[in-house]
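J.: So in numbering that gives the first Met the number 0, spot 392 of the sequence shown is number 391, and the numbers just go up one at a time. For glycine and all other residues, C-beta sits at the position ideal for the given N, C-alpha and C. Would you mind keeping the following structure in view while I ask a few things?
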Amino acid sequence: MNISMVGIDYQKANIEVREQFSFTKTQGMEFCEQTAARHEMAGCILISTCNRTELWCSDAVESPFSILMQERGLDGDVYEEHFTSRQGEEAVTYLFELACGMHSQIFGEDQILTQIREALNRSRECGCADSVLETLFRSAVTAAKQVKTEVRLTARDMSIPEGAAALLEDRYGPLEGRRCMVIGNGEMGRLMTRILIDRGARVAMTLRQYKKHDVVIPKECEVILYEERYQHLRDKDLIFSATVSPHYTIEAEKVCRAMAPDRSYIFVDLAVPRDIEPAVGRLTGAILYDTDMLGMVNGHDERLVTRARVILKEHMDEFRTWYYFREWIPAVQRIGKTAGRITNAKLTKVYREVDQALEEPEEFKRNVRKAAEKSVTKILYGLKNHLSPEQWKDCITALEESAGDCEKS
């Protein structure tokens, strides 16, 4: 199984290292296009979130780690210890577990499922998802959805913003009535805003002047201009930032001038690369959390995990069957079509007798032919359960040759 991946995540690399391998959505698509063009492979998909970056390849001649280092212009010897490489069956199992949130900071969180689906969509959009990666990722997403519906690895829907809110409430008490500012109105920023509002916080969200007519802001939320964020910071209790900006959205020097001397502030950086300058955390009266500091892995019920793995195994078995036998699908279909044509030929006399009794005899004949095709195809696929892969392939090869002889005669 020529499927390989390399990944860096919160378990082996801190945020300083991870942010060197982070990609915006646009950057990720450009990376996939360039990678597929410059390196010999059938397809590739890039997953880039605040906690991980992973490159998935199909039929790649080089290792994904080598490809990633080359494309980033970095020395692999320096970063190798922070990465994990997986191939074949191990990679497949990992992706299915990843989609269920089993490798997330917040065990069982749901946001990773959306992120994997979006990674596939972006790769598909730029023409880099071959049939193997397409089927693999779709299968993992489908399996994860079933786990989410039937098992629920978490007591409720969880995400990084949800985990951040839970941690803050655990350490500082209820968020109700707290004055909050959220910088960034992308997916993460909007999710953080909604969670804060639902907890009774008083929330203001920043908006850049040129985007005023393009963004949907919750009606319970105050809107402030991004350019005026430091002016509004003074009377806030918590400041969250979740943008894809390549520059700091909150700088220590400006924060120092904006803060009231007799108050304390909590800054929460949800972005990778980081939005908030690390020096903010060293200011008097300021407490700073980044994604690493928020990353407490919650416990899980092993019985639920076992149930989830049963579901995953069913979907992984289906993918393996498709993968190992996909090259034989056209042959099976050809044999089925031959069986349908032979069936129709053998029933010529019967058709003459029933033609006059039927309103649509040609439709009847087509239905008979299709029924024969499907029956034979089903039997041939069923043989996989009774033969070794080699025996099954030999059987299909012989039947295809026999079908070809029948077509000639």
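#1: Take E161 and list the residues in its own chain whose beta-carbon comes closer than 7 Å to its own, dropping the five residues that flank it on each side.
#2: When you measure from the CB of S65 to every non-hydrogen atom of the ligand FAD, does any distance come out below 7 Å?
#3: What does T83 pair with, by DSSP beta-bridge criteria?
#4: Using only the alpha-carbon positions, how far apart do F467 and A270 sit?
#5: What is the rounded straight-line gap between the Cα of V296 and the Cα of C49?
#6: Going by DSSP in three states, V296 sits in which element: helix, strand or coil?
#7: Note down, in chain order, each residue of its chain lying with its Cβ closer than 8 Å to the Cβ of Y9, except the 5 sequence neighbours on either side.
#8: Just the Cα atoms here: how many angstroms apart are S138 and K253?
#9: Return the Cβ separation of M28 and E124 in integer angstroms, given the expectation that the two are a contact with Cβ distance under 8 Å.
#10: Compare the beta carbon distance of C179 and F266 with 8 Å and say whether it is the shorter of the two.
#11: Unbroken beta strand (DSSP E) runs of length 3 or more, entirely within the stretch 189-270: which are they?
#12: What did DSSP end up calling V181 once you bin it into helix, strand or coil?
#13: Looking at the structure shown, is A285 part of a helix, part of a strand, or coil, going by DSSP?
#14: Taking C-beta to C-beta, are D169 and G42 nearer than 8 Å?
#15: Starting from the Cα of Q33, find the closest Cα among A200, S122, Q332, S374 and give me that residue.
#16: Classify P272 as buried or exposed, calling it buried when 16 or more other Cβ atoms lie within 10 Å of its own Cβ.
#17: Does DSSP classify G162 as helix, strand or coil?
#18: If you draw a straight line from the C-alpha of P260 to the C-alpha of G284, how long is it?
#19: Quick one: using the 10 Å Cβ neighbour count with 16 as the cut-off for buried, is S263 buried or exposed?
#20: According to DSSP, is E276 helix, strand or coil?
#21: Would you say the stretch 329-342 touches the stretch 365-374, given that touching needs at least three Cβ pairs under 8 Å?
#22: On the three-state DSSP scale, how would you describe G72?
#23: Would DSSP call R151 helix, strand or coil?
#24: Alpha carbon to alpha carbon, what distance is there between D58 and C394?
#25: Thinking C-beta only, is V5 closer than 8 Å to L73?
#26: So, L132 versus I44, is the Cβ gap smaller than 8 Å?
#27: Check whether the stretch 61-75 touches the stretch 310-319, taking contact to mean three or more Cβ pairs, one atom from each stretch, closer than 8 Å.
#28: On the DSSP bridge assignment, give the partners of G335 in chain order.
#29: Tell me whether C43 sits in a helix, a strand or coil according to DSSP, three-state version.
T.: Here's the rundown:
#1: Taking the first residue of the sequence shown as position 1, residue 161 is located at position 162. Within the same chain, E161 has close Cβ partners I194.
#2: With respect to the ligand FAD, the structure offers nothing, as it holds no ligand at all.
#3: Numbered from 1 along the sequence shown, position 84 holds the residue referred to as residue 83. Looking at the DSSP assignment, T83 forms a beta bridge with G6.
#4: Only positions 0 to 408 of the chain appear in this structure, which leaves residue 467 out of reach.
#5: The residue you call residue 296 lines up with position 297 of the sequence shown. The residue you call residue 49 lines up with position 50 of the sequence shown. In this prediction, V296 has a pLDDT of 49, which is less than 50 and means its spatial position is unreliable; what the coordinates show is noted afterwards. In a straight line, the C-alpha of V296 is about 15 Å away from that of C49.
#6: Taking the sequence shown and counting its residues from 1, one reaches residue 296 at position 297. Any reading at V296 needs caution, since the residue's pLDDT is 49, under 50, leaving its predicted position unreliable; the model's value is listed next. Coil, per DSSP.
#7: Here residue 9 refers to the residue found at position 10 when the sequence shown is read from its first residue. Result list for Y9: R17, N50, R51, Q104, T290, D291, G294, in chain order.
#8: Along the sequence shown, one-based indexing puts residue 138 at 139. Along the sequence shown, one-based indexing puts residue 253 at 254. Rounded to the nearest angstrom, the two C-alpha atoms are 48 Å apart.
#9: Within the sequence shown, numbered from 1, the residue matching residue 28 stands at position 29. Within the sequence shown, numbered from 1, the residue matching residue 124 stands at position 125. Rounded, the Cβ-Cβ distance is 7 Å, consistent with contact.
#10: Position 180 of the sequence shown, counted from the first residue, corresponds to residue 179. Position 267 of the sequence shown, counted from the first residue, corresponds to residue 266. Going by C-beta atoms, C179 is not nearer than 8 Å to F266.
#11: 201-206, 221-224, 237-240, 264-268
#12: The residue given as residue 181 occupies position 182 in the sequence shown. Here V181 sits in strand by DSSP.
#13: Within the sequence shown, numbered from 1, the residue matching residue 285 stands at position 286. Note: A285 maps to strand in three-state DSSP.
#14: Taking the first residue of the sequence shown as position 1, residue 169 is located at position 170. Taking the first residue of the sequence shown as position 1, residue 42 is located at position 43. Contact flag unset, no.
#15: Here residue 33 is taken as the residue at index 34 of the sequence shown, counted from 1. For Q33, the nearest C-alpha among the options comes from S122.
#16: Stepping through the sequence shown from its first residue, residue 272 is reached at position 273. By the 10 Å Cβ count, P272 comes out buried.
#17: Residue 162 sits at position 163 when you count from the first residue of the sequence shown. G162 falls in the helix class under three-state DSSP.
#18: One-based indexing of the sequence shown puts residue 260 at position 261. One-based indexing of the sequence shown puts residue 284 at position 285. Cα to Cα, P260 sits roughly 8 Å from G284.
#19: For the purposes of this step, residue 263 is identified with residue 264 of the sequence shown, where counting begins at 1. Under this definition S263 is an exposed residue.
#20: Reading the sequence shown from its first residue, position 277 is the one you call residue 276. Here E276 sits in coil by DSSP.
#21: yes
#22: Here residue 72 refers to the residue found at position 73 of the sequence shown. Coil, per DSSP.
#23: Residue numbering aside, residue 151 sits at position 152 when the sequence shown is read from its first letter. Note: R151 maps to coil in three-state DSSP.
#24: Position 395 of the sequence shown holds residue 394. Position 59 of the sequence shown holds residue 58. Each residue's alpha carbon lies about 27 Å from the other.
#25: Within the sequence shown, numbered from 1, the residue matching residue 73 stands at position 74. Within the sequence shown, numbered from 1, the residue matching residue 5 stands at position 6. Cβ distance not < 8 Å, so L73 and V5 don't count as in contact.
#26: Working through the sequence shown from its first residue, we reach residue 132 at position 133. Working through the sequence shown from its first residue, we reach residue 44 at position 45. Yes.
#27: The stretch 310-319 and the stretch 61-75 do not touch, with fewer than three beta-carbon pairs separated by less than 8 Å.
#28: Sequence index remark: in the sequence shown, residue 335 carries index 336 (1-based). In DSSP, G335 forms no bridge with anything.
#29: The residue you call residue 43 lines up with position 44 of the sequence shown. Assignment of C43 by DSSP, reduced to helix, strand and coil, places it in the strand class.
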